[in-house]
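> Dropping a structure here in structure tokens format, bear with me for questions.
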Amino acid sequence: MANTAALLGNLLATNADINYYTQQSIYWNAKYEANSAKLEEQVKYEEKWQNAFDSAIDNTKSLTAGGITVGEGNKNEQIADAYAHAKVAKYDEELSLELADLDIEYDTMKSMYDTLLEELRAQQESEKTATSTAAQDTGLLQS
């Protein structure tokens, strides 16, 4: 009987851990998804910025954006950079790098909690079986 109580206590503790890790998994999944959306947006802006920069280098006609004018046949990268920033003002390189770092961190946390949940669920099944067996065993010798 004491064995059954101890096994039941372990099972209840595992269930509590599963509840906690499920909450953590949901939390990190939400952070990962929100960050991914922001990162995806910055990647699109980066592509537009790169296209604007490329069009400002060796352009065949005069380009103007946000008060920045790039002359025909431009080879100056500083002018091309200023033009690209004026054309795609929403692109923020530092933010993009920060979001990429957070993407890795959030993905790691999400994966860690998902792995812990898998392990705990396997442990839970084992504990359920052991508890059930102990509860059915009365400890009396059968003849």
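The numbering of the sequence shown is the working numbering, which starts it at 16 and goes up by one.
All C-beta atoms in this analysis are idealised placements derived from N, C-alpha and C, irrespective of residue type, glycine included.
1. My output table needs one value for threonine 29: the three-state DSSP class, helix, strand or coil.
2. To the nearest whole angstrom, what separates the beta carbons of glycine 82 and alanine 101, a pair I think is in contact under 8 Å?
3. Nearest-angstrom Cα distance between glutamate 120 and threonine 148?
4. Answer yes or no: do valine 85 and alanine 71 have a C-beta to C-beta separation smaller than 8 Å?
5. Within 10 angstroms of its Cβ, does threonine 146 collect 16 or more other Cβ (buried), or is it exposed?
6. State the CB to CB distance for the pair lysine 53 and leucine 114, rounded to an integer number of angstroms; the pair is presumed to be in contact (CB under 8 Å).
7. To the nearest angstrom, how far is it from the Cα of leucine 78 to the Cα of glutamate 61?
8. Leaving out five residues before and five after serine 158 in sequence, what residues of the same chain have Cβ atoms less than 8 Å from its Cβ?
The structure says:
1. If DSSP states are grouped into helix, strand and coil, threonine 29 belongs with the helices.
2. Contact holds; Cβ gap of about 7 Å.
3. Spanning the two alpha carbons is a distance of roughly 42 Å.
4. Taking C-beta atoms as the reference points, valine 85 and alanine 71 count as a pair closer than 8 Å.
5. Threonine 146 is buried by the Cβ-count criterion.
6. Confirmed, Cβ separation roughly 5 Å.
7. Whole-angstrom Cα-Cα distance: 19 Å.
8. Bear in mind that a pLDDT of 36 at serine 158, under 50, signals an unreliable position, so the number given afterwards is only what the model happens to contain. Excluding positions up to five away in sequence, the list is empty.
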